[in-house]
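Here is the structure we will look at.
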Amino acid sequence: MKNFSKKIIAFSFLSLLVISLASCQENVNLNEVYFQKNQLITSSFGGLGVEWGAYEDTNKISNEAWLRTLDHVKRLKPAKIRLMINYDWFCMNFDNKDNDDPNDDTWTYNFSNKWMLNTIEILTFCQENNIEVAFGAWNVIGQMEDDVWGMMEDVTSDPRWAKITGDVLDYLVHKKGFSCIRYFVNSNEPNYLGIQGYSKNYNNTYEKWEQGVRNVRKTLDDLGLNDIGIVGGDTTGFTGSIEYLTNISKNIPTLVGDYGVHLYVSNYYIDTGQLEGQIKEIYKLVQENDPRLGKEIQANVWEAGLVDGKNITTDSNALIATYNYGLRMADYTMQCVLAGMNSIVYWDLDDAMHFMYQVDGSVHPKEWGMFSSLSAVPASKQELRPWYHSSVLLTNLFRSNNYVYSTLTNNVELDNTFRSLATVSKDKKEGGLIAVNRGIYPVSKTFAIEEKIIDADEIYLYMYNERSLKLGEDGYVVPNQVISGSLNKKITLEIPANTLVVMSTKRL
521 MKNFSKKIIA
531 FSFLSLLVIS
541 LASCQENVNL
551 NEVYFQKNQL
561 ITSSFGGLGV
571 EWGAYEDTNK
581 ISNEAWLRTL
591 DHVKRLKPAK
601 IRLMINYDWF
611 CMNFDNKDND
621 DPNDDTWTYN
631 FSNKWMLNTI
641 EILTFCQENN
651 IEVAFGAWNV
661 IGQMEDDVWG
671 MMEDVTSDPR
681 WAKITGDVLD
691 YLVHKKGFSC
701 IRYFVNSNEP
711 NYLGIQGYSK
721 NYNNTYEKWE
731 QGVRNVRKTL
741 DDLGLNDIGI
751 VGGDTTGFTG
761 SIEYLTNISK
771 NIPTLVGDYG
781 VHLYVSNYYI
791 DTGQLEGQIK
801 EIYKLVQEND
811 PRLGKEIQAN
821 VWEAGLVDGK
831 NITTDSNALI
841 ATYNYGLRMA
851 DYTMQCVLAG
861 MNSIVYWDLD
871 DAMHFMYQVD
881 GSVHPKEWGM
891 FSSLSAVPAS
901 KQELRPWYHS
911 SVLLTNLFRS
921 NNYVYSTLTN
931 NVELDNTFRS
941 LATVSKDKKE
951 GGLIAVNRGI
961 YPVSKTFAIE
971 EKIIDADEIY
981 LYMYNERSLK
991 LGEDGYVVPN
1001 QVISGSLNKK
1011 ITLEIPANTL
1021 VVMSTKRL
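See the structure below:
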C-alpha cells in the first residue's frame, strides 16, 4: 500500500483515513461509496445553471450593485442560463391595416431602450464566459384591457409570434453576434393557463403551442438560425409535463432541441428520495416514443426550485435564506441527475429581476434569488444566501461535457437518507464527488473513484451545513481542508447529519 502525507486541520466531527483502493464487493455495502466505470450516468453532462433574466426595472439597481452581480455570476460559473424577456418591451407602432388578417399587420422595434440594453449586457457576459443561453419570451404581446394586438386567442400559434421571434433572434444572433443563444423558449409554462381576465395564456392548448413551435422552427430555419433549438415544453408540474412531453415525443420530436420542464418540488419528495423515481417515470414515457432521449437529445430542468415556503401573494419563498434550502437544492440536483436529467437550471439568481404587481398598486420583488441587488432592501437581503454557496460548489465541479458516475449505494429502498455522485473531466485531469447525508445522525462513508484522474494529488474538502460552511475574506466559499492524496484511493469521512460534502481535485 502506497503511503502519502496528509495536511490535517482539526474538526471535532471529521476523521480521515486514506488507504489504497480495493475491488468492490458484489453485495452492496452502504458504507463503501465506490464510483465504478460501469456506473456511468453520462459521458457528456450538460452542466448546471441559473435563471438570469432581463431586469424589469434596472433603475432600481445601482451601478455598484450591478458590478457586484457580475462578480457573483463569475464565481458561480453557470454552464447555462435562462434569459426571458417580454416582446411588449420592444414592439411598437402597431398597425392592423384595418383588416383581420394578422399577416398584414406591421410594427416597429425599439432595440435601444433599457430592457434591450440590459439584455445585451447579460448576453455579452455569457458570450465572453462561454455560457449557453436559453432565450425566450414570457408570453404573447398585448394588454388585458384595450388590447390592439389580439394575440391572446391563438397565443403562440398566431403567425406574428413567429415573425417577432425571428426578428428578435436575427437581431441578437446575426447583427449583435450572440452565438451563445442555443435555445428558444416558446413561451413560459404553456400548460399553466392562469385566471381568465388576468392571464395572457388562458386560451392556450397543447395544439396551439405545437403549431407555434412549427411556425417558429420554420422561421428560424429560413433565417439561417438552424442551430437554435426550441425548448421542448418548458412546462410546469408533473401532470402538465407528462401531457406536453408525451405529445412532443410523438408529434414533433425532431422540431425541438430538448425535452424541458420546470419542477417545483415539496420537501417531502426530496427528503424521502422519491423525486428521482417521479422523474424517471416521465423520462421512461418520453423515451418509449423517442428512443433518442439520452443520446442525440437530452432532458433538462429549466426552472428548479422548492415549493415549501412559497407565498402565493408575493410569489416569493420565505425559506431561501436557510441552510436547509441549499441542502435540499443540492439533493434535488443529485436526484435529477440520477433520473437522467442532463442539465438543471436553478430559479433564480437575483430578487431584483422580477416583481409582483398587486391590484392595489403595490409592487413586491419576487424573492427566490441567491441574493438581492436591489438598493432599497435591507443589507441582510443583499448578502449572499447560503444556497448560493452550495450552488457554487456544484456548478464549479459538475462542468459541461464531464463524465458523471453513480454508485450502488444510491438505492432509495436500502437508504433514502444518503446520495452521492462523482464526476471526472473529459481530459481526466480534474474530478470530484458530492454527497448528502439527510439523516439525523452522522455517518461514516468510504469513497473512491475508479476512473483515473491524472496527476491529481490534492483533495479540496468542503462541508456545507450551518456550523461548517467556511467563507473567505471576499465572502465566497473556501475549502475546510486541503488533503494530500488521490480520489482514486479510498477516503473515509465521518459526515455530520444534514450535511453536504464536496471533494474536488481543484479549488472550486
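Last residue of the sequence shown: number 1028 in this note's numbering, and the count goes up by one each step with no gaps. Here a beta-carbon is modelled for each residue, glycine too, at the ideal position from N, C-alpha and C.
Buried/exposed call for His592, threshold 16 Cβ in 10 Å: By the beta-carbon neighbour count (other beta carbons within 10 angstroms, threshold 16), His592 is buried.
Backbone secondary structure at Val736 - three-state DSSP: helix
Lys886 versus Glu823 - alpha carbon distance: 15 Å
Nearest-angstrom Cβ-Cβ length linking Asn985 and Asn1018, presumed shorter than 8 Å: 6 Å
Nonlocal neighbours in the same chain, by C-beta distance under 6 Å from Gln556, ignoring five residues either side: Within the same chain, Gln556 has close Cβ partners Glu970.
The beta strand (DSSP E) enclosing Ser940, as first and last residue numbers: Counted as a single uninterrupted DSSP element, the beta strand (DSSP E) harbouring Ser940 occupies residues 938-944.
Entirely enclosed beta strand (DSSP E) segments - the region 722-777, minimum 3 residues: 749-756
Anticipated Cβ contact below 8 Å, Val736 with Thr685, distance rounded: 5 Å
Backbone secondary structure at Cys611 - three-state DSSP: strand
Which of helix, strand or coil DSSP assigns to Asp870: strand
Assigned exposure category for His694 - 16 Cβ within 10 Å defines buried: exposed
Proximity below 9 Å, CB of Gly835 to CB of His874: One detail in the question is off: residue 835 reads as Asp in this sequence, not Gly. It is a contact, given that the beta carbons lie within the stated cut-off.
Check whether Trp729 and Val675 have beta carbons under 9 Å apart: yes
Contact set for Ile790: own chain, Cβ-Cβ below 8 Å, skip 5 residues either direction: Leu826, Arg848, Asp851, Tyr852, Gln855
Beta-carbon gap between Lys738 and Val660 smaller than 9 Å: no
Continuous beta strand (DSSP E) assignments of at least 3 residues falling wholly in the region 852-902: 863-866, 875-877, 883-885
Residue nearest to Tyr726 in terms of C-alpha spacing, selected from Asn746, Cys700, Phe704, Asp754: Asp754
Separation of Ser786 from Thr759, as counted between CA atoms: 15 Å
Per-residue DSSP class, three states only, for Gln794: helix
Inter-residue spacing [alpha-carbon to alpha-carbon] between Asn616 and Pro898: 47 Å
Nearest-angstrom beta carbon gap, Lys948 and Lys972 [assumed within contact, 8 Å]: Yes, Lys972 and Lys948 are in contact; Cβ-Cβ is about 6 Å, under 8 Å.
Residues of its chain near Met604, where Cβ-Cβ distance is below 6 Å and the 5 sequence neighbours each way are ignored: Cβ contact annotation for Met604 (same chain, cutoff 6 Å, sequence separation greater than five): Gly573, Gly656, Trp658, in chain order.
CA nearest to the CA of Phe704, picked from Ser945, Asp741, Ala654, His909: Ala654
For Thr639 and Lys613, the rounded distance between their alpha carbons: First, the residue type needs correcting, since residue 613 is Asn and not Lys in the sequence shown. Roughly 22 Å separates the two Cα atoms.
Identity of the residue in Trp907, Gly697, Asp747, Asn1000 nearest Val570 by Cα: Trp907
Distance cut-off 8 Å: Trp658 Cβ against heavy atoms of the ligand COA: The ligand COA is not among the ligands present in this structure, which contains no ligands whatsoever.
4 or more residues per run - each alpha helix (DSSP H) lying fully within the region 963-994: For the region 963-994, not a single whole alpha helix (DSSP H) run of length 4 or above is found.
Residues near Thr628 by beta carbon distance below 6 Å, same chain, minus five either side: Met612, Asn613
Residue range of the beta strand (DSSP E) that includes Val570: 567-571
Three-state secondary structure assigned by DSSP to Asn706: coil
Residue interval of the alpha helix (DSSP H) (run including Glu584): Where Glu584 is concerned, the enclosing alpha helix (DSSP H) starts and stops at 583-596.
Reduced DSSP category for Gln545 - H, G, I as helix; E, B as strand; rest coil: For Gln545, the predicted structure reports a pLDDT of 42, less than 50, and the residue's modelled location is therefore unreliable. A value from the coordinates is still provided. Note: Gln545 maps to coil in three-state DSSP.
Local conformation of Leu928 per DSSP, three classes: coil
Candidates Ser564, Lys800, Asn551, Leu550: closest to Tyr923 by CA position: Considering only alpha carbons, the answer is Ser564.
Exposure label - Ala896; buried when at least 16 CB within 10 Å: exposed
Any 3 or more C-beta pairs closer than 8 Å across the region 618-627 and the region 665-682: Contact holds: three or more Cβ-Cβ distances are below 8 Å.
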